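Data block below; observations after.
Residue numbers (our numbering): 7 to 687.
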């Protein structure tokens with residue numbers, strides 16, 4: 007294989023790929039889900055292969071961000087004279103190197119472990135300019151991986167005057183929508199507990215909820231109304247990219263019915279690889295050409311939804327984007343009998359790396375152009391804001407806490423969690439009690455501001471390790487959690503963390519202290535997936551290219567745990583969920599409740615239907631009292647703001663029949679904060 011002198015360890019000298027440094031494991035796991043999804047995308051593979059078949063013969067080719075090396079190998083197979091493939095991440099470059107060797111293409115492909123902007127025409131391309139640049143450095147937002155600056159630089163510095171590009175053009179499209187659900191992801195002024203707002207105006211401005219979301223939008227079909235026709239917002243010529251000069255703005259109009267409330271838009275892109283070869287991320291409803299007006303669940307039967315989804319190209323690596331307006335636009339109601347439409351002026355704003363949208367009801371209504379495109383990381387994620395917007399849930403917590411503490415003399419309260427609904431309720435129920443909450447540093451001002459408005463005696467501790475006796479009253483009468491912590495990632499970690507926090511501070515608790523919630527249970531079920539299980543499948547081949555080196559490099563033995571929002575993925579339960587392991591918060595106040603030690607259990611699940619078992623689904627059930635509980639999984643595919651653990655099965659996938667019994671082993675390690683699940687018989 008050809009390579010630069012400084013590429014030895016990434017390309018030329020690859021003694022073995024099964025020796026992976028520990029710090030690389032997470033990246034390779036990420037590659038498993040992202041790159042496996044891309045390599046399994048036959049529509050994408052076939053279209054790139056056809057574009058290269060037309061354009062690569064006789065050309066010197068540059069592949070920017072080669073990843074696994076697939077596009078470079080397709081270019082070589084379709085007659086490119088030479089291919090220079092660059093990949094800046096060295097573990098992936100090593101995988102590409104081995105894959106290129108496996109396919110006997112090292113004589114044609116030179117692998118360089120650099121960013122394309124660091125390539126030297128003299129050193130890395132042997133003074134030979136390229137006639138074709140191929141890349142796939144796009145994300146769901148199109149621009150987030152830097153395709154504009156990368157192609158701009160490569161064409162100018164490394165390409166011939168006649169250089170062509172794959173892709174050569176891209177369009178960004180949108181459709182205006184109305185959705186109460188999407189509003190719940192961003193509206194902070196409607197978050198309340200027992201009627202008292204959680205956020206004041208100052209906190210709303212500081213929290214700055216994210217307005218752009220990458221989602222499987224087809225799964226939200228019953229929760230939105232499409233207001234406008236699909237509209238093209240802008241066209242990008244990728245063969246002639248203008249110099250970077252800040253934010254570019256394009257204004258487009260889209261007609262909506264009078265009386266509509268515009269909450270945001272769905273955005274997707276189409277990308278032209280060559281002539282008539284186009285890849286897109288458009289929602290499934292556009293591919294079925296269904297009428298869009300006043301669309302609701304009642305007007306879209308489930309069977310028709312399934313037919314739409316079956317004809318749709320499913321992707322995990324590129325999704326439509328949802329942009330939610332910070333303030334909805336309400337169009338005036340038409341008082342005439344005749345239907346009337348009104349224009350909405352939509353601004354698309356982009357720089358080299360990001361896209362944003364704005365909207366107004368008049369062309370002159372400022373500001374259509376935002377001050378910036380890039381948005382800082384929000385204080386609270388969308389699912390947390392949705393939970394705080396669920397007044398049924400917050401009232402349930404409030405009422406359950408009131409019932410649990412009825413008749414108790416509560417003088418001191420200790421809370422753990424992030425914007426803890428139970429702690430907020432406790433402040434309202436017991437404003438004279440001294441409340442101490444252990445809170446994330448970034449969220450502490452939210453709790454302090456709420457306590458001021460609720461006239462509660464509250465102090466916030468941001469460093470639990472340094473928490474002293476003076477930070478709480480002598481004896482704690484009530485411990486509250488939700489449990490939710492901003493920095494936990496797996497569904498069970500919040501419950502484990504809450505229990506361990508109680509155990510650490512049990513010496514502060516009175517003998518009759520109330521612990522709320524009461525306990526949590528790890529639940530499991532077996533599920534059949536329509537698409538999600540494919541992120542586990544070996545690639546084997548892509549367009550005839552042997553990808554076994556990639557499979558071997560990223561393979562992890564055993565069940566593969568994936569944390570997902572299962573409402574985004576079509577699936578069905580094969581059995582009724584079963585309670586397996588208990589995390590007893592009340593017991594933790596007298597000890598550790600078994601949290602510090604590992605515990606496990608085998609549970610026998612009886613199938614209620616026939617199907618293929620792809621995964622063990624694990625979710626949490628929180629008991630607010632002995633009888634009242636909240637499930638973190640809907641069971642019917644409906645949206646829920648919680649995430650679930652999906653333990654994808656590999657060689658243990660199997661067909662199951664109604665009435666059949668399957669044994670699942672579930673284990674919990676309280677010290678490590680982990681849960682695992684697998685089918686054992």
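For each residue, glycine too, the CB sits at the ideal point set by N, CA and C.
Owing to the predicted nature of the structure, the values given are computational and were not obtained by experimental measurement.
Starting from the C-beta of residue i, find all residues in its chain whose C-beta is less than 8 Å away, skip the five residues before and the five after it, and write them out in chain order.
i	result
residue 684	564, 565, 622, 653, 655, 658, 670 and 671
residue 574	221, 222 and 225
residue 495	569
residue 135	66, 127, 164, 165, 166 and 169
Write down the C-beta distance between residue i and residue j rounded to the nearest angstrom, noting that I regard them as a contact closer than 8 Å.
i	j	result
residue 195	residue 203	7 Å
residue 485	residue 515	7 Å
residue 609	residue 530	7 Å
residue 110	residue 548	The pair is not a contact, with the Cβ atoms about 16 Å apart (cut-off 8 Å).
residue 326	residue 274	5 Å
residue 215	residue 384	5 Å
residue 272	residue 223	6 Å
residue 361	residue 149	6 Å
residue 217	residue 330	5 Å
residue 115	residue 78	5 Å
residue 483	residue 438	Residue 483 to residue 438, Cβ: 12 Å. No contact.
residue 395	residue 190	4 Å
residue 400	residue 427	5 Å
Comparing alpha-carbon positions, which option in the options lies nearest residue i?
i	options	result
residue 232	624, 223 and 183	183
residue 131	102, 89, 589 and 110	89
residue 82	629, 104, 514 and 58	58
residue 766	135, 642, 237 and 420	Since the first residue shown for the chain is 7 and the last is 687, residue 766 is missing from the structure and cannot be characterised.
residue 137	64, 391 and 79	64
residue 446	493, 487 and 437	493
residue 409	521, 466 and 501	521
residue 435	366, 538 and 412	412
residue 345	265, 358, 279 and 399	265
residue 667	336, 594, 580 and 169	580
residue 464	496, 420 and 480	420
residue 284	349, 56, 145 and 197	56
residue 633	40, 94 and 406	406
residue 280	630, 176, 122 and 395	176
residue 172	97, 234, 197 and 140	140
residue 245	258, 268, 277 and 333	277
Once you ignore the five residues that flank residue i on each side, which residues in its own chain have a CB closer than 7 Å to its CB?
i	result
residue 143	70, 71, 151, 152, 153 and 156
residue 404	199, 200 and 431
residue 607	586, 587 and 672
residue 62	81, 84, 85, 86 and 138
residue 424	445, 446, 449, 490, 491 and 492
residue 535	575, 577, 620 and 621
Taking only beta-carbon positions, decide if residue i is within less than 8 Å of chain B.
i	result
residue 201	Although the question refers to chain B, the structure presented lacks it and comprises just one protein chain.
Which word fits residue i, buried or exposed, when buried means at least 16 other C-beta atoms lie within 10 angstroms of its C-beta?
i	result
residue 649	buried
residue 119	buried
residue 678	exposed
residue 251	exposed
residue 524	buried
residue 612	exposed
residue 660	exposed
residue 75	buried
residue 501	buried
residue 518	exposed
residue 53	buried
residue 165	buried
residue 687	exposed
residue 705	Nothing can be reported for residue 705: it is not among the residues displayed for the chain, which extend from 7 to 687.
Whose C-beta lies closer than 6 Å to the C-beta of residue i among residues of the same chain, with five residues either side of it excluded?
i	result
residue 583	529 and 531
residue 422	444, 487, 504 and 507
residue 455	206 and 209
residue 604	675
residue 627	527, 529, 635 and 637
residue 40	323
residue 240	178, 256 and 354
Kindly examine the ligand FMN and report whether one of its heavy atoms sits closer than 7 Å to the Cβ of residue i.
i	result
residue 594	The model depicted lacks the ligand FMN and carries no ligand whatsoever.
### Uninterrupted alpha helix (DSSP H) stretches inside the segment 406-485 (no shorter than 4 residues)
427-435 and 450-459
### Within the segment 43-84, ranges of the alpha helix (DSSP H) (whole runs, at least 4 residues)
48-61 and 76-83
### Query
Can you give, in chain order, each stretch of the beta strand (DSSP E) that sits fully within the segment 105-175 and has at least 3 residues?
115-118, 136-141 and 165-172
### Message
Report the start-end ranges of each alpha helix (DSSP H) in the segment 553-593 that is 4 residues or longer and not cut off at the edges.
### Response
554-560
### Message
Which complete beta strand (DSSP E) runs does the segment 225-252 hold, if anything under 3 residues is left out?
### Response
237-243
### Task
Entirely within the segment 326-367 and at least 3 residues each: give me those beta strand (DSSP E) ranges in chain order.
327-336, 347-356 and 361-366
### Message
If we require 3 or more residues per run, which beta strand (DSSP E) segments fall completely within the segment 506-538?
### Response
515-522 and 525-535
### Every unbroken beta strand (DSSP E) inside the segment 595-667 [3 residues or more]
604-612, 617-619, 621-629, 635-637, 650-654 and 660-662
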